[in-house]
Every structure is written in C-alpha cells, then in structure tokens.
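Protein sequences, first through last, are from chains A and B. Residue numbering for the first sequence follows the UniProt record's numbering, starting at 1 and increasing by one per position. Residue numbering for the second sequence follows the UniProt record's numbering, starting at 1 and increasing by one per position. For every residue, glycine included, the Cβ atom is placed at its ideal position computed from N, Cα and C. For reference, the structure discussed in these notes is given below.
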Amino acid sequence: MTCEAAFVYSNSFVNYHFRADHPFNQNRVLFTYELLKDAGAISDDQIIEPRLALDEEIKLVHDEDYVEAVKAAGSGKLAEEDALEYGIGTEDTPIFNNMHEAASLLVGGSLTAVDAVLAGKYKHALNLGGGLHHGFQRKASGFCIYNDGAIAIQYIRKKYNLKVLYVDTDAHHGDGVQWVFYDDPNVCTLSIHETGRYLFPGTGNINERGLKQGYGYSFNVPIDAFTEDESFLEVYENAFRNVVEYFKPDVIVTQNGVDAHAYDPLTHLCSTMKIYEYIPKLAHELAHEYCNGRWIALGGGGYDIWRVVPRAWAQIWKVMTTNTVFKGNLPQTWLEKYEKLSPVDLPSYWHDPGEVYTPIPRKHEITEKNMQTLEKSMQFIKNKQYRFNGLTNV
Amino acid sequence: MLVEEVMKRDVITLPPHEKIETALKLLNQYHIRHIPIVDEQNQVIGIVSDRDVRDASPSIFDRATKAEQLKNEIQSIMSSPVITVHPLDFVEEVAGIFYDQEIACVPVTEDNKLVGIVTEKDVLYTLIQLTGIHEQSSQIEIKVENKIGILPEVTNIIGSHKVNISSVLVYPYKNNYKNKILAFRVQTMNPMPIIDSLKSKGYEVLWPNMPGISK
Ligand SMILES: [Zn+2]
Ligand SMILES: [Zn+2]
C-alpha cells in the first residue's frame, strides 16, 4: 500500500529557538528531514511549505491579550512582571526575538497539514514542527507558546465541521489540548503518558473524563515510570482501538512526541524504537479503517535530539507513505554528516539493538498496574449503559 | 485550613416530624447522603443518612407495608445526639473525627445553630488540594538531614534557577528521626538543572522514588 502524503517543512522551523542550552531544539526537525532525504524516502513534490497562521486563527484558542503579550515580548517591549503572568520569560519558555512569528509558523504548519488532508489531494500529512500540547489559552508553558494542535482541531471544527479524535503518545500529559476541548463532545482526546506523580504537568488522571456535554470524551491512561515497550504498546493498542470504535471520528490527529524513549533525559519511561515503529502503524491502520485515511500527525516532545528523535520521526513518514518501517542500517551519508556534531555516539541501526537501559526489576508489577489503569480508563466505554440509580454517591 | 473555608453553607434539612419518604426524595433529588434534622430554632437534633433511610425502607419481599413505613416520622430513625463541629475548627480535626467515629459527615454549628455541613468528600477534596496539583508542575523529592535551616537552603537552590514552587510537603523518613523527605512541586517541565544543583551540593534526590530502581 502506498498513500499520498504531505510533509510540511521549512528550514525556518528552527527559528523557534529559546536558548542554546534549552532542551527544546527544533534542529530535530532538520535532522529528521535530512535523514529521510539520505534514506531516499522523500521527494521534493511531497514537501509543502507551512504558511504563517493568522492572528484570528491563533485566537481560536488563545486570548487576544496573550497573543499581544507574545508579540510584545518578541520585540523586547514586555516588562518582566507582565511576561510572567503569561508564563513567558520563565526558564521553560524564555523570551526570544520574534517569538510570535516563530510560533505562528509552527501553528501555520499544522493548519497547512489540515488543509492538505481535508481540502487537498492528500490522505495524510505530517508537521513535525507542531504538537506543542502544553500551551494554555492565556499562558505559555512546558516549552509551548501557541498550542498548534488545539488550534488545528478548532480550525477543523469551524471550517470542516468534522469529528476529531486526538491521540497523544508524548510522555507528558496532553493537558493543553485536553482542557480546550474538555466540554466539547465533537472532539475526543486520548492521552497516554507517564503518571503525573513526578512528571510535568501532573494532570492526566483516569478520572479526567470531560465536562458537561464533553463528559466521556476525554480519556487518559497514566502509565508508571519505568514502563517498557510491551506494556506501553499493550496499553496504546487497546486504548486506541477502544476509543476509535466508541467515538467513530471523521479525522484523526496524532501528537507524536517521542520522549518516552529510555534515552530521553526528561522522563522516566523505558521504551525503545520498537514503540515508534508501531505507534504510527496503528494510527495509519485505524485512520484508513475509520476515517477514509484522514490522518494528520504532529511532532511534540523529544529531548534526545540525536539518537532518538530523527529515527522515531522518520518512521512516521515511512509508515504514512509505504505502510512499512525502515529496517537495518541508517544511511551512511546521514551518519557522516552528523557524527562530528553529535555529543553522543549516533546509533547505527533504525532499531535499538541490545540494551539501552538496565533491566527493570519490578517489570511484572508495573505491567500489571498499567493493565489495571487501562481497564479503569476504558471502563466508561464498557459501562456506557450505566445509569445513576439513586442512593449512591455522585 | 478552617472548617468555614471548606463547609457547604446551603444545607438541606428536615424538621423531625417530616415523613421518611420526604427524606428519600431529597436524598435522590440532591444526590446527597446526609440530612440534618433541625428544630424551629435551627438547632441540630439529629441526622439521617441514606443508609438509615434505606434500612427503614421495606425490601421487595414486603411491599405491602411499604407505604406505611415510609410515612413514619423521620425522627424515628434519626441518629442522635449528633457530633458537630465549629466553623473555626481545623479540617484536620474533622478528618480525625471521621476516622475515629467512623462517620462521614458532620453538621457545623455556631451558637447552637446550624450554619453548614462538612462531608468526607469535602475533606478529601481539601487533602487533594493540599497535596495535589493546582498548577502545571514536576515533583522533586529530596532526603535531607532533620535540622534547623535546611528548608531555606533547599528553597534557595530552587529559587536560584528562577523556578517557582507550587507546593511543599515535609514527610518523616521511615522511622528515622535523623532525616526528612521534602517533596516539592516546581513549575517547570525541566527539573534537571535543579536536580543537578541539589546533587552537587550533596543532597540526595529521590526522583522518582521507587524501591529498587533508578534510571
Ligand atoms: Zn495510508
Ligand atoms: Zn513531552
């Protein structure tokens, strides 16, 4: 099976740049793009330039005063006290020149991806510059200025009036997107993430199920620190299949953060490349089964920008276009290009051979607990017919 | 935190001569589990729980007597005397009362008049607020010596990274009085620089804290 897919890309994605030593580094998108080219897996006619998002589009999700504050900050006109109210000028989201423009391009990239699939000739589209799922209505947070995923979904609702399923496999809870659509029954969110017991942002509990008409359209599966491949994939496959069957979306938007890998410095999950082969495979399969192929994939977190992100993200594109994954050796040209720049030894293969972490002593218990969490999270779907019956607590 | 900060002020009450069926109706209508019984002066003279009402309701085997039993006065099944608390009591004390007395609800009185109600759910909610997440944050746990001045030392290190602290808890460390565990929720997605600073100053950071595992 080969599918028409669009790769939204611009060299200007790297302008979203906080500071040299900041963990969020958009060079990862460039590295991925180069990897795909060196692997001969992408041609120029598959690439589309992202447009800049309009202010009105950004304001589908964000408050006007916040957008104005970001603009002012990016041109050095915002006082520090005022900035902090909006979550900018912090260690996580420092101020940089033209930050509004840089962030608008990432948002525009996700809107370009939406239009490519819903109005264009493409079945699937990938914007690795996007997936900034922590941005709030009037607050930057967790390295995210504008929440391009939420804006893209709101744009789909307004312009195309389709039911959207958002699936977030970043190691952090997709809180920003969840809260925007918390009371919206036409947007269903599913987030699988490391429990917020230690990890930012702390939310993403099973009992966050939505509000008012949106109740029952928000799903969370918080998995334990040190979760490994098999348990992660068991949870992912089960949750995704259950939710897609229950919600029957018209289009699927995935947030493909890749910070659940054992190498990632910010999280405590213990996945390998194995999950990044299967995550897009299942999304692809279900998009064809339920949505006539309509699938928009976004980037997200990923802080081992040398060993993990380029390989993991390249696999999404490979699956989108061929329904297969890369195997064997990484292209020599790519390794030669980057081995001198990389502070760590680059991997030789697409997969992770051997051990990337020391064995986890409590694997069995962790797997069992994740399974229970999954069951509780999916209970709502199983109990759809349940009715409140009198003398019990609400 | 004080009781007056967490109590509900709109309390559904009944006079003692009201029928049991009215209580049943109110419990269902308002999704509540307790109804204080008050006299004309609004003094609490009893309390009924959903359990009391259910026990008083006939089972399906003797439906014939159903109507009659439900027409009995509520005071025939109410618990009395009632444990009450004052608006200036501490929520922690209420939690202690719930635990010791094995009850799940107390009316709040001032000058012997009913002014509010606190349920198990309100106390749990307060506890969640105290220990939980109100802002996007990461958690860091640090094992420290149990000595004067250690908390400001640690908070200074966190402050030097320009990171705001959302909440702090001090736990005992097992049964060892020489140490304490400090648990901070800090408003950053990247606590690594803070953790590195703490470690370089000799602090033991447990993050995440799972016996037998470290990454
Ligand atoms: Zn396809
Ligand atoms: Zn993340």
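- Under the 8 angstroms Cβ criterion, the region 58-77 of chain A does not count as touching the region 344-358 of chain A, having fewer than three qualifying pairs.
- Fewer than three pairs of CB atoms, one per stretch, sit closer than 8 angstroms, so the region 79-89 of chain A makes no contact with the region 38-55 of chain A.
- Phe31 of chain A counts as buried, since no fewer than 16 other beta carbons sit within 10 angstroms of its beta carbon.
- Interface flag for Lys162 of chain B against chain A is set, since a Cβ pair is found closer than 8 angstroms.
- Shown here, Thr32 of chain A sits in a helix according to DSSP, grouped into three states.
- Between Phe181 of chain A and Gly214 of chain A, the alpha-carbon positions lie close to 8 angstroms from each other.
- With fewer than 16 other Cβ atoms inside 10 Å of its own Cβ, Arg51 of chain B counts as exposed.
- Here the C-alpha atom of Arg157 of chain A lies approximately 28 angstroms from the C-alpha atom of Thr2 of chain A.
- Residue range Asp229 to Phe247 is occupied by the alpha helix (DSSP H) that includes Phe232 of chain A.
- Residue state for Thr189 of chain A is assigned as strand, using DSSP reduced to three classes.
- By the beta-carbon neighbour count (other beta carbons within 10 angstroms, threshold 16), Ser80 of chain B is exposed.
- For Phe96 of chain A, the closest alpha carbon among the candidates A:Phe24, A:Gln137 and A:Arg19 is that of A:Arg19.
- For Ile140 of chain B, the uninterrupted beta strand (DSSP E) segment begins and ends at Ser138 to Glu145.
- Checking the 7 angstroms criterion, the Cβ of Cys105 of chain B is out of range of every heavy atom belonging to ligand 1.
- When the Cα atoms are used, Ile206 of chain A and Val177 of chain A turn out to be separated by approximately 16 angstroms.
- Under the three-state reduction of DSSP output, Ala287 of chain A falls in the helix class.
- Around the beta carbon of Gln187 of chain B, 16 or more other beta carbons sit within 10 angstroms, so the residue counts as buried.
- Burial check for Leu2 of chain B: the Cβ neighbour count within 10 Å stays below 16, so the residue is exposed.
- According to the DSSP assignment, Gly176 of chain A belongs to the alpha helix (DSSP H) that extends over Asp175 to Val180.
- A residue is listed when its beta-carbon falls short of 6 angstroms from at least one non-hydrogen atom of ligand 1; in chain order these are A:Cys3, A:Lys123, A:His124, A:His284, A:His288 and A:Gly293.
- When Cβ-Cβ separations below 8 angstroms define contact, Met78 of chain B makes no contact with chain A.
- Glu204 of chain B: member of the beta strand (DSSP E) spanning Glu204 to Leu206, first to last residue.
- Contact of Phe247 of chain A with chain B is not assigned, every C-beta pair being separated by 8 angstroms or more.
- Spanning the alpha carbons of Lys8 of chain B and Ile117 of chain B requires a straight line of approximately 5 angstroms.
- DSSP places Thr254 of chain A in the uninterrupted beta strand (DSSP E) bounded by Val251 to Gln255.
- At a cut-off of 8 angstroms, the C-beta of Arg294 of chain A has no neighbouring C-beta in chain B.
- Using a CB distance cut-off of 8 angstroms, Glu81 of chain A does not count as an interface residue toward chain B.
- Assigned with DSSP and collapsed to three states, Trp306 of chain A falls in coil, not helix or strand.
- Around Thr188 of chain B, the beta-carbon contacts reaching into chain A at under 9 angstroms are Thr90, Glu91, Asp92, Gly142 and Phe200.
- When rounded, the separation of the alpha-carbon atoms in Ser167 of chain B and His268 of chain A is 22 angstroms.
- When secondary structure is reduced to three states using DSSP, Ser80 of chain B falls in the coil class, being assigned neither helix nor strand.
- Put simply, the backbone Cα of Asn146 of chain B is about 45 angstroms away from that of Met99 of chain A.
- Segment contact: the region 350-362 of chain A against the region 193-209 of chain A, fewer than three CB-CB distances shorter than 8 angstroms; contact not assigned.
- In this structure, Thr321 of chain A places its C-beta atom within 8 angstroms of the C-beta atom of Ala5 of chain A.
- Taking all protein chains in view, the Cβ of Phe90 of chain B is surrounded by fewer than 16 other Cβ atoms within 10 Å, so the residue is classified as exposed.
- Secondary-structure assignment with DSSP links Ser271 of chain A through a beta bridge to A:His261.
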